[in-house]
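Here is the structure we will look at, set down as structure tokens.
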Amino acid sequence: MVEEQQQPKQKTEKEIAREKAKAEKLAKFAAKQKKIEEDANKSSQNVKKSGKKATQNVDATEFQWSIDPDGRKDVSKILPSTYSPVYVEAAWYDWWEREGFFRPEYGGRDLTHRMCGKTVLFVPGCDHAGIATQVVVEKKLERECGLNRHQIGREKFINEVWKWKNNKGHIIYDQIRKLGAGVDWDRAVFMMDQKIVRAVTEAFVQMHEKGVIYRSKRLVNWSCTLRSAISDIEVDKKEIEGRTFVSVPSYKEKVELGVLTEFAYPVEGSSGEELVVATTRIETMLGDVAVAVHPDDPRYKHLIGKNCVHPFVQRSMPIIADTFVDPNFGTGAVKITPAHDHNDYEVGVRHSLPFINILSDDGILLPNCGEKFAGMKRFDARKKIMEELKALGLYKGDKGHQMIVPFCSRSNDVIEPIVKSQWYIRCKDMAERALNAVSSGNLKIVPESHVKTWNNWLGEIKDWCISRQIWWGHQIPAYFVTINEPGRIEADPSDDTYWVSARNKHEAKSKAASKFGVSADKITLKRDEDVLDTWFSAGLWPFSVMGWPEKTADMQNFFPGHLMETGHDILFFWVARMVFMSQELCNGQLPFKEIFLHAMVRDAHGRKMSKSLGNVIDPLDVIYGISLEELHKRLEDGNLDSKELSTAKAGQRRDYPQGIPECGTDALRFALMAYTTQDRAINLDVLRVRGYRFFCNKIWQGVRFVFSQLGNNLKEYKPESDFKRYPDIETMTDRWILSRLGKCVADCNSGFNKYNFRQLTTALYQFWYYEFCDVYLESSKPIFFAVGNQAVENGCSNNKQIEIVRHILYHCVDTFLRLASPIMPFITEELWQRLPKRQNEMAKSICVAAYPEPEQYSFHDEEAESNAELIRKIALAKAKGSSTTKDSPEQCSEMMNDIGKNNCTT
1 MVEEQQQPKQ
11 KTEKEIAREK
21 AKAEKLAKFA
31 AKQKKIEEDA
41 NKSSQNVKKS
51 GKKATQNVDA
61 TEFQWSIDPD
71 GRKDVSKILP
81 STYSPVYVEA
91 AWYDWWEREG
101 FFRPEYGGRD
111 LTHRMCGKTV
121 LFVPGCDHAG
131 IATQVVVEKK
141 LERECGLNRH
151 QIGREKFINE
161 VWKWKNNKGH
171 IIYDQIRKLG
181 AGVDWDRAVF
191 MMDQKIVRAV
201 TEAFVQMHEK
211 GVIYRSKRLV
221 NWSCTLRSAI
231 SDIEVDKKEI
241 EGRTFVSVPS
251 YKEKVELGVL
261 TEFAYPVEGS
271 SGEELVVATT
281 RIETMLGDVA
291 VAVHPDDPRY
301 KHLIGKNCVH
311 PFVQRSMPII
321 ADTFVDPNFG
331 TGAVKITPAH
341 DHNDYEVGVR
351 HSLPFINILS
361 DDGILLPNCG
371 EKFAGMKRFD
381 ARKKIMEELK
391 ALGLYKGDKG
401 HQMIVPFCSR
411 SNDVIEPIVK
421 SQWYIRCKDM
431 AERALNAVSS
441 GNLKIVPESH
451 VKTWNNWLGE
461 IKDWCISRQI
471 WWGHQIPAYF
481 VTINEPGRIE
491 ADPSDDTYWV
501 SARNKHEAKS
511 KAASKFGVSA
521 DKITLKRDED
531 VLDTWFSAGL
541 WPFSVMGWPE
551 KTADMQNFFP
561 GHLMETGHDI
571 LFFWVARMVF
581 MSQELCNGQL
591 PFKEIFLHAM
601 VRDAHGRKMS
611 KSLGNVIDPL
621 DVIYGISLEE
631 LHKRLEDGNL
641 DSKELSTAKA
651 GQRRDYPQGI
661 PECGTDALRF
671 ALMAYTTQDR
681 AINLDVLRVR
691 GYRFFCNKIW
701 QGVRFVFSQL
711 GNNLKEYKPE
721 SDFKRYPDIE
731 TMTDRWILSR
741 LGKCVADCNS
751 GFNKYNFRQL
761 TTALYQFWYY
771 EFCDVYLESS
781 KPIFFAVGNQ
791 AVENGCSNNK
801 QIEIVRHILY
811 HCVDTFLRLA
821 SPIMPFITEE
831 LWQRLPKRQN
841 EMAKSICVAA
851 YPEPEQYSFH
861 DEEAESNAEL
871 IRKIALAKAK
881 GSSTTKDSPE
891 QCSEMMNDIG
901 KNNCTT
């Protein structure tokens, strides 16, 4: 019988469409695989570039990774035999980002909070860093074109800054990504974005309208190189032991500092009587307006109320009495220069003295200094003044003098106190609110030792100068008003009365017309060219990134926040300002509930990291490794002068003679957490980071062994949905490792909750290295390797015991990987993805899996712990008694189990 051949079934349009879509998907997948192979080759090259010596021959095919059809790293291949950071860290971060695990909208299972089922938002951002960025771009312009910003003009210079930002700005974000930070990139903010500009403008206008922001003429820290006022945090106060020559920008020869010069002022109307004063800044005598003595100093009581004569500008200067003078310092008579010294400024205010500025913005002596000195650079004038004083017989000598000299951290220029019209914020009321927030417990500072610093700073706070005479930054939304009417007196730009703040020029003109009662056509406006201190916009961060002043969903859902983590060095400059601004602009709300202040990272010798010392550590260099030659080349491509370059290279040769070894992200993160104590500084040693790379390998090898004992095919092993205990079958060693696991879980949770990260890392390291691997894994090997052995242990067969040990091994590995995930995200993801899942496990990634909680691990076993301690002491005693005899982990385990049996029998 001939069977009729069946005709192929006609495909429907839907089936055809599905096949087409599938074909396109496969084609796309093939293209992606090709790209991945190319990336893998690049990764291999990166490993070679690190300069790390190979310790063994490794099959390169082991480290070829690919992406599965679902877009996730393919973990179906056999786990490589050795740990490779490049291999392990490949592909995972892109997948986490694509899946949206770091977005609060994901549903939330940063550190453990996301894994604890809480909704977490961690917003990444990049500051515009006003002065620092401008200085870098100016150096670049000078190096490449021989020009400065004043030569090319403001508009072109700002364009150059944006070019530099667009070219370099990604570096910080690349570092954050490579470090595995769980931040929401969809909400990333640059502090010159339009929504931030809008918030900055609104904040300034609101605060100016309330009188919190005002304009005044006061003494400021002035950088002649930058031609700008700078904040206190940008001033480096350096101690000068005595006569010292230092390099100062725009001076060919070094400038001598640390010299106390004495000279005399003739007393007016006397027959040759003089008043000798001393100064470390002889050039400022051209701005002297008085001489002060202590009211109770018998040497000068008869001179109080009389005048001195200035020898160069023929100025009559009163001799005044003030208790700020120390009669025992120097001659007991103090020259007073209110426009160029902070102490003298206060004296000038108290005695209503004139304020005479002698310096231009770039440090040139002004015409009011007299023909002999006008037009000279400030430090060049020192020599000339000394010569003239000697010629007049008024010079009395000089000597080395220990002193503190303020330097600009951005330009290395010597800071000049100068009186300038600037914008200020009244801080007293805001500081009182911030102090009350901490004292009441509404705002918590960790470590508590920094509360004293908080109280000291805010208790003695002065008004905050917020204007800067630079071009890169948020231009101040304030307009100087000129009224075009006959008979109007010309307004003074230092007078706050003639300034209006506004969101735009149209609003400014309307406000000015209303304020002065004239028509808008009689108003001329000139916007302030200055920009705001970077800390002003930074102070708005907690709510500006959420969309303030608009009532956005993010403002409603995520403001105020919970935790602010930053370095203790900017507790006042940033953290306090965020508290100020939030309470001032957001109806008295605090921006966050807790402040965690980490220690400052220094080099292995305890020195502050500095490019000129060559000790700055790029985290990517620690992750990938880098040769000494490449470190040198990076210095050469920077902005260091020849002397700084030589010093920096010498520092690198001393600290990294073989370059920096490849350590990987997980090792770096673990090291930083292990270093984190409640001290003020971390001395980061790269060799210690490499030690934690070895710990990563220990994790890798330990999990590989467990995988090898879960059956020939991991897919065949089916873990129970919930961990169960088998008290009748578990050995004393089983009970002990579960007790230690429970202790590890408790310590990790406690460490996170208390911000005690050293406790956390110690718990993980101790459990995995010394307890799980060195003891329990080793003690399990005889059980697995005793093939065919049917010995009975506690009434159970060897097969049953193997099943229990597998059960415990799995639980230990699964728990440990979850515990370590917030610190070591890459290696834990790589291994957890390969681990067979419990039937009730719904998480796609370990970063959103449930974090182990102590309540789920109530395994404490006093008997097992005591027996283990007894065995440890016995083994230690035997080791001390014999240089050749030492009990193996298996022998210790047998002893512990034997003790357990004997205890049960008796």
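Here the sequence shown is numbered in the UniProt record's numbering, starting from 1 and rising by one per residue.
Glycine included, every Cβ here is placed at the ideal spot set by N, Cα and C.
7 Å CB neighbourhood of residue i in its chain, flanking five on each side removed
i, result
"residue 907", "A query on residue 907 cannot be resolved here, the shown segment of the chain reaching from 1 to 906 and no further."
"T552", "M546"
"G795", "At G795 the pLDDT is 40, less than 50, meaning the model places this residue with poor confidence and gives no usable figure here."
"C773", "K698 and G702"
Neighbour-count burial assignment, residue i, 16 or more Cβ in a 10 Å radius
i, result
"V137", "buried"
"D747", "buried"
"residue 939", "Shown here, the chain extends from 1 to 906; a query on residue 939 therefore has no answer."
"L392", "exposed"
"L684", "buried"
"K42", "Any reading at K42 must be qualified, since the residue scores a pLDDT of 45, below 50, and its modelled position is unreliable; the value itself is stated next. Per the 10 Å Cβ criterion, exposed."
"C145", "exposed"
"H128", "buried"
"P661", "buried"
"K420", "buried"
"F263", "buried"
"H170", "exposed"
"L870", "exposed"
Alpha-carbon to alpha-carbon, residue j and residue i
i, j, result
"L635", "E629", "10 Å"
"V289", "A333", "14 Å"
"E841", "A850", "9 Å"
"K718", "A820", "23 Å"
"E239", "M403", "6 Å"
"V575", "G539", "7 Å"
"A30", "F102", "With a pLDDT of 49 at A30, under the threshold of 50, the modelled position of that residue is not reliable, and the figure given next carries that caveat. Each residue's Cα considered, the two are about 28 Å apart."
"H310", "M317", "7 Å"
"E865", "L668", "33 Å"
"residue 909", "Q175", "Outside the modelled stretch of the chain, which goes from 1 to 906, sits residue 909, for which no answer is possible."
"G180", "I623", "12 Å"
"H208", "S231", "20 Å"
"M581", "S228", "24 Å"
"F816", "Y810", "10 Å"
"D722", "I808", "12 Å"
"S360", "P354", "18 Å"
"P825", "D666", "7 Å"
"residue 910", "G561", "Nothing about residue 910 can be read from this structure; the chain reaches only from 1 to 906."
"K715", "L738", "25 Å"
"W472", "G130", "5 Å"
"R149", "R187", "33 Å"
For residue j and residue i, believed in contact at Cβ under 8 Å, the rounded distance
i, j, result
"E829", "W92", "5 Å"
"L525", "A508", "6 Å"
"I827", "C696", "6 Å"
"V235", "I415", "6 Å"
"I802", "F784", "6 Å"
"G400", "G242", "3 Å"
"V500", "V481", "6 Å"
"H294", "T323", "7 Å"
Neighbourhood of residue i by C-beta, 6 Å cutoff - its chain only, sequence neighbours within 5 removed
i, result
"M564", "F592 and I595"
"A604", "N683 and D685"
"T284", "T337 and H340"
"T677", "R758"
"E448", "none"
Cutoff 8 Å; reference residue i; Cβ partners in own chain excluding five residues on either side
i, result
"L147", "L141"
In chain order, each alpha helix (DSSP H) run of at least 4 residues that lies wholly inside the region 439-506: 449-459
Unbroken stretches of the alpha helix (DSSP H), 4 residues or longer, contained in the region 596-650: 619-624 and 628-636
Those runs of the alpha helix (DSSP H) which lie wholly inside the region 148-189 and span at least 4 residues: 149-152, 154-168 and 170-178
4 or more residues per run - each alpha helix (DSSP H) lying fully within the region 287-338: none
Ranges of the alpha helix (DSSP H) found wholly within the region 373-416, counting only runs of at least 4: 380-391
Within the region 813-872, ranges of the beta strand (DSSP E) (whole runs, at least 3 residues): none
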